[in-house]
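*Asks:* Submitted below is the structure of interest, expressed as structure tokens.
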Amino acid sequence: MIRLLLRTALTLALPAALLAAPAAAAAPPAATAATSGAAAAGPAAEWTAPLSTRGRYIVDATGARFKLRSGNWDGAQGSWTGSGSITDPANHHSGQDSHGIPIGLDRVRLPALLADFHRLGLNSIRLPFSNEMIRATAPVPDTAVAANPQLRGLTPLQVYDAVVRALTADGFAVILNNHTNTTRWCCGLDGNERWNSSQSTAQWEDDWVFMARRYRDNKRVVGADLYNEVRRDILDDPNWGLGDGHDWYAAAQHAGDRILTEGSPDLLVVVEGINWTGIPADGLPHGRPTLTPVRTLSHTLVASHKLVYSAHFYGYTGPNHSGATGIGETHDARYQDLGRDELYRVLDEQAFYVATESGQHFTAPVWISEFGIGADEGAAAPRTWFGNLTDRLAALDADFAYWPLVGWNDPGRGDSWALLRYTATGARSGVLDGADWRADAWNHLTAAPTRTGPVPAADAWHMLTTDHADAVQSLRVRAAGDWDNGARKAVCPDGERLLGLSHSGGRGLCTDTATDGDLRAATGEAETVRDERNVPAGGDWASGYTKLQCAQGQFLIGYSVRGARVSAALCARARRPLGTGTRTVWFDRGDNRPAGAPGGEFAYGAYKGQCTSGEYAAGIAFTTRVGSSGTPDALLCRPLS
């Protein structure tokens with residue numbers, strides 16, 4: 043099939059080959075129980091921007107659930123396949139030359155397209171773009187916008203602007219998706235493997251700040267989907283946490299913080315897992331990590347309730363299968379080869395656990411931002427897979443986005459995977475029109491019971507790591523300057539307090555428990571503590587150890603290290619009186635955490651100490667005696683009241 047050949051045949055054999063798999067707000071009526079989410083035929087229901095997260099759910103500004111029922115309206119990321127003349131439509135994906143703008147504007151008026159999106163039951167659109175599109179200065183050809191003459195003479199970015207305005211004015215939430223560096227069809231060895239494959243990381247971040255600023259006054263532009271299907275190039279793998287130039291974890295963290303601080307504080311930051319590592323050849327390590335690394339290393343943004351994780355699943359790929367046929371194909375199972383129970387186990391391990399395991403440092407919404415299949419697919423295995431996947435999405439009440447939303451339907455060309463296909467004269471076919479076998483699964487997915495209405499605030503937990511750099515996630519602390527020059531520093535986001543530390547590895551755990559809220563006083567800088575000045579006479583809670591203790595009425599929000607050794611504690615003044623009891627939590631010889639270990643394994647493989655949710659941490663103890671490295675050994679825990 044054309045899509046399979048275009049998107050996976052560029053998988054390479056040694057040494058020249060490898061691949062990754064294919065590319066990816068209207069709250070329902072208020073209710074606290076599950077209700078039916080039948081597809082809407084009219085404009086999206088009212089909702090209040092901006093969006094944020096509460097545990098596994100995305101919510102609007104009123105705290106009501108906003109489930110992403112999305113489609114991918116592609117085209118602006120590019121359609122040229124990379125070989126032959128770019129002016130020949132035959133050299134574009136499925137024979138569709140998008141001219142670097144959303145597909146279909148040549149044959150359907152914008153209002154009609156949006157009406158069809160509503161009929162599908164969508165409330166949001168993932169809108170891909172390329173970095174090259176941002177800088178393109180030539181206007182699109184008149185033929186590319188033949189059905190929308192008001193767009194003539196505009197550059198691709200200006201057409202993108204107009205599409206964003208139309209979507210948001212019609213009630214849709216828009217998630218900006220940086221799909222490619224160059225305006226070329228994704229995904230394989232195409233120069234778009236990583237965010238910095240065809241450009242510098244600094245340029246990529248600057249482009250994101252530019253886009254966030256460009257739309258920040260349009261509150262229905264709700265998200266920044268940082269990069270699509272991060273994967274291996276010919277020589278190098280991406281990684282999650284190694285601290286080098288291929289570290290997707292670090293790149294996403296830094297870009298997300300810049301978007302929120304320099305671009306728009308309102309946006310959700312969407313981080314997709316790693317799509318592929320290794321060389322797809324039997325006997326060599328290879329696979330699709332997706333979101334599995336999040337379990338031991340999750341993100342904490344400066345606005346901690348703005349993070350959404352995402353993953354992509356296609357039947358012809360697999361947890362260890364690149365999706366290729368012929369060169370680059372291995373004997374690993376594809377997702378469509380797995381039985382229903384095994385498929386669900388794999389999907390849960392690769393992605394869904396992030397949302398379904400509550401009260402963990404990694405707990406966040408998971409958006410399956412790409413999945414799809416062809417209307418012309420006749421084989422039993424992929425059809426069964428599609429039904430199984432949509433059943434799982436429905437059963438888990440998961441956020442989703444189908445790929446792709448719009449395609450052509452011309453003799454000999456056109457994308458059979460599109461939910462909506464249009465002829466050159468604008469005649470429509472697809473899941474809305476009776477003959478499409480995918481309609482039953484799609485209708486089941488969009489009409490499945492879903493949680494709506496208010497989502498109560500719940501305890502949240504977030505990880506801090508000083509593995510390779512500072513993790514100062516408090517904007518107030520950042521504004522006050524460097525509080526321990528030369529040390530690696532970690533500070534909880536504003537509104538959170540430090541509650542746990544690891545004995546080694548420099549990890550910390552922050553919380554913003556729902557019942558206690560922000561403990562920090564509205565005014566006053568945090569205090570850096572490097573000595574025992576605040577340990578009162580007769581108050582030695584860790585005899586023989588160095589104790590960095592907050593003054594009474596203060597609590598821990600951060601710490602710093604030099605090498606492995608504790609350097610300083612950072613204490614903030616509380617807005618209300620705090621308890622004065624004393625409990626020492628030792629963790630130098632084993633874990634010492636509350637029952638159930640809320641927050642989870644925030645320092646996998648290291649001993650961890652943690653105060654209870656009804657306490658605050660007020661001090662760190664360590665020793666530099668012979669044989670010790672000065673790492674944290676104990677916490678001073680005190681009752682909140």
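FYI, the numbering for the sequence shown is 43 to 683, going by the numbering used here. Beta carbons: idealized from backbone N, C-alpha and C, even for Gly. All values reported here derive from a predicted model rather than from experimental measurement.
Using the three-state DSSP reduction, which class does residue 306 fall into: helix, strand or coil?
*Replies:* By one-based count along the sequence shown, residue 306 stands at place 264. It is coil, neither helix nor strand.
*Asks:* Do you know whose CA, among 507, 513 and 131, lies nearest residue 546's CA?
*Replies:* By one-based count along the sequence shown, residue 546 stands at place 504. For the residues 507, 513 and 131, the minimum Cα distance to residue 546 belongs to 507.
*Asks:* Which value, in whole angstroms, describes the spacing of the CA atoms of residue 541 and residue 327?
*Replies:* Working through the sequence shown from its first residue, we reach residue 541 at position 499. Working through the sequence shown from its first residue, we reach residue 327 at position 285. One C-alpha to the other measures close to 38 Å.
*Asks:* With DSSP as the reference, label residue 67 as helix, strand or coil.
*Replies:* Position 25 of the sequence shown, counted from the first residue, corresponds to residue 67. Residue placement at residue 67 is flagged as unreliable, the pLDDT there being 33, under the threshold of 50; the coordinate-derived value follows with that caveat. Residue state, collapsed to three classes: coil.
*Asks:* Find the nearest neighbour of residue 257 within the set 633, 490, 205 and 229, judged by alpha-carbon distance.
*Replies:* In the sequence shown, residue 257 corresponds to position 215, counting from 1. When only C-alpha atoms are compared, the closest one is 205.
*Asks:* Would you identify the three-state DSSP class for residue 521, choosing helix, strand or coil?
*Replies:* For this step, residue 521 is matched to residue 479 along the sequence shown. In the structure shown, residue 521 sits in a helix (DSSP, three-state: H, G or I).
*Asks:* Do you know offhand how far residue 442's Cα is from residue 283's?
*Replies:* Counting from one through the sequence shown, the residue named residue 442 turns up at place 400. Counting from one through the sequence shown, the residue named residue 283 turns up at place 241. Using only the alpha carbons, I get a separation of about 27 Å.
*Asks:* Which residue's Cα is closest to the Cα of residue 511: 521, 231 and 530?
*Replies:* Within the sequence shown, the letter at position 469 stands for residue 511. It is 530.
*Asks:* Round the Cβ separation of residue 672 and residue 606 to the nearest angstrom and send it over; I've been treating them as touching at under 8 Å.
*Replies:* The count along the sequence shown starts at 1 and reaches residue 672 at position 630. The count along the sequence shown starts at 1 and reaches residue 606 at position 564. Indeed, because the Cβ distance is near 6 Å, the residues count as touching under 8 Å.
*Asks:* So residue 599 is in the beta strand (DSSP E); what residue range does that whole segment cover?
*Replies:* Position 557 of the sequence shown, counted from the start, is the residue given in the question as residue 599. It spans 596-604 - the beta strand (DSSP E) in which residue 599 sits, taken as one unbroken run.
*Asks:* Can you grab the Cα-Cα spacing for the pair residue 426 / residue 481, in whole Å?
*Replies:* Reading the sequence shown from its first residue, position 384 is the one you call residue 426. Reading the sequence shown from its first residue, position 439 is the one you call residue 481. Going from the Cα of residue 426 to the Cα of residue 481 covers about 14 Å.
*Asks:* Short of 6 Å in beta carbon distance, which residues of its chain neighbour residue 150, apart from the five on each side in sequence? Order them along the chain.
*Replies:* The residue labelled residue 150 in the question sits at position 108 within the sequence shown. Once the five neighbours on either side are set aside, the close Cβ partners of residue 150 are 189, 464 and 468.
*Asks:* The alpha helix (DSSP H) that contains residue 154, what's its start and end?
*Replies:* Residue 154 sits at position 112 when you count from the first residue of the sequence shown. 152-161 is the extent of the alpha helix (DSSP H) around residue 154.
*Asks:* Count the other CB atoms, across all protein chains shown, that sit within 10 Å of the CB of residue 286; report buried if there are 16 or more and exposed otherwise.
*Replies:* Mapped onto the sequence shown, residue 286 falls at position 244. Label assigned to residue 286: exposed.
*Asks:* Do you know how far the Cα of residue 379 is from the Cα of residue 555?
*Replies:* Here residue 555 refers to the residue found at position 513 when the sequence shown is read from its first residue. Here residue 379 refers to the residue found at position 337 when the sequence shown is read from its first residue. About 43 Å.
*Asks:* Below 8 Å between beta carbons: does that hold for residue 218 and residue 166?
*Replies:* Taking the first residue of the sequence shown as position 1, residue 218 is located at position 176. Taking the first residue of the sequence shown as position 1, residue 166 is located at position 124. Against a cut-off of 8 Å, the Cβ pair of residue 166 and residue 218 comes out as no contact.
*Asks:* Counting only beta-carbon separations shorter than 8 Å, does residue 169 have a partner in chain D?
*Replies:* Protein chain content of the structure displayed is limited to a single chain, and chain D is not contained in it.
*Asks:* Given this structure, state the Cα-to-Cα distance separating residue 573 from residue 646, to the nearest angstrom.
*Replies:* In the sequence shown, residue 573 corresponds to position 531, counting from 1. In the sequence shown, residue 646 corresponds to position 604, counting from 1. For residue 573 and residue 646, the distance between alpha carbons rounds to 29 Å.
*Asks:* Tell me the DSSP secondary structure of residue 670 in three-state form.
*Replies:* The count along the sequence shown starts at 1 and reaches residue 670 at position 628. Residue 670 falls in the coil class under three-state DSSP.
*Asks:* Taking only the alpha-carbon atoms, compute the straight-line gap between residue 520 and residue 94 and give it to the nearest angstrom.
*Replies:* Counting from 1 along the sequence shown, the entry for residue 520 is found at position 478. Counting from 1 along the sequence shown, the entry for residue 94 is found at position 52. Going from the Cα of residue 520 to the Cα of residue 94 covers about 22 Å.
*Asks:* So the beta strand (DSSP E) residue 448 belongs to, where does it begin and stop?
*Replies:* Translated into the one-based positions of the sequence shown, residue 448 becomes position 406. Where residue 448 is concerned, the enclosing beta strand (DSSP E) stretches over 448-450.
*Asks:* Report yes or no: do the segment 389-398 and the segment 445-455 share at least 3 C-beta pairs separated by less than 8 Å?
*Replies:* Not touching, per the Cβ criterion.
*Asks:* Name the residue from 409, 356, 263 and 221 whose alpha carbon lies nearest to the alpha carbon of residue 246.
*Replies:* Numbered from its first residue, the sequence shown carries residue 246 at position 204. Ranking the options by Cα distance to residue 246, first place goes to 221.
*Asks:* Do residue 352 and residue 314 have their C-beta atoms closer together than 8 Å?
*Replies:* By 1-based counting over the sequence shown, the position of residue 352 is 310. By 1-based counting over the sequence shown, the position of residue 314 is 272. Contact flag set, yes.
*Asks:* Start and end of the beta strand (DSSP E) containing residue 591?
*Replies:* Here residue 591 corresponds to residue number 549 of the sequence shown, with the count starting at 1. First-last of the beta strand (DSSP E) with residue 591: 588-591.
*Asks:* Cα separation between residue 675 and residue 366?
*Replies:* Residue numbering aside, residue 675 sits at position 633 when the sequence shown is read from its first letter. Residue numbering aside, residue 366 sits at position 324 when the sequence shown is read from its first letter. Taking the straight line from one Cα to the other gives about 51 Å.
*Asks:* Whose C-beta lies closer than 7 Å to the C-beta of residue 419 among residues of the same chain, with five residues either side of it excluded?
*Replies:* For the purposes of this step, residue 419 is identified with residue 377 of the sequence shown, where counting begins at 1. Once the five neighbours on either side are set aside, the close Cβ partners of residue 419 are 425.
*Asks:* Just tell me which of 181, 210 and 415 has its CA closest to the CA of residue 157.
*Replies:* The residue labelled residue 157 in the question sits at position 115 within the sequence shown. Considering only alpha carbons, the answer is 210.
*Asks:* Does residue 112 come out as helix, strand or coil in the three-state DSSP assignment?
*Replies:* Residue numbering aside, residue 112 sits at position 70 when the sequence shown is read from its first letter. Looking at residue 112 - three-state DSSP - the assignment turns out to be strand.
*Asks:* Considering just the uninterrupted stretch of the alpha helix (DSSP H) at residue 479, what are its terminal residues?
*Replies:* Start at 1 with the first residue of the sequence shown, and residue 479 comes out as number 437. Counting along the chain, residue 479 falls outside any alpha helix (DSSP H), and DSSP gives it neither H nor E.
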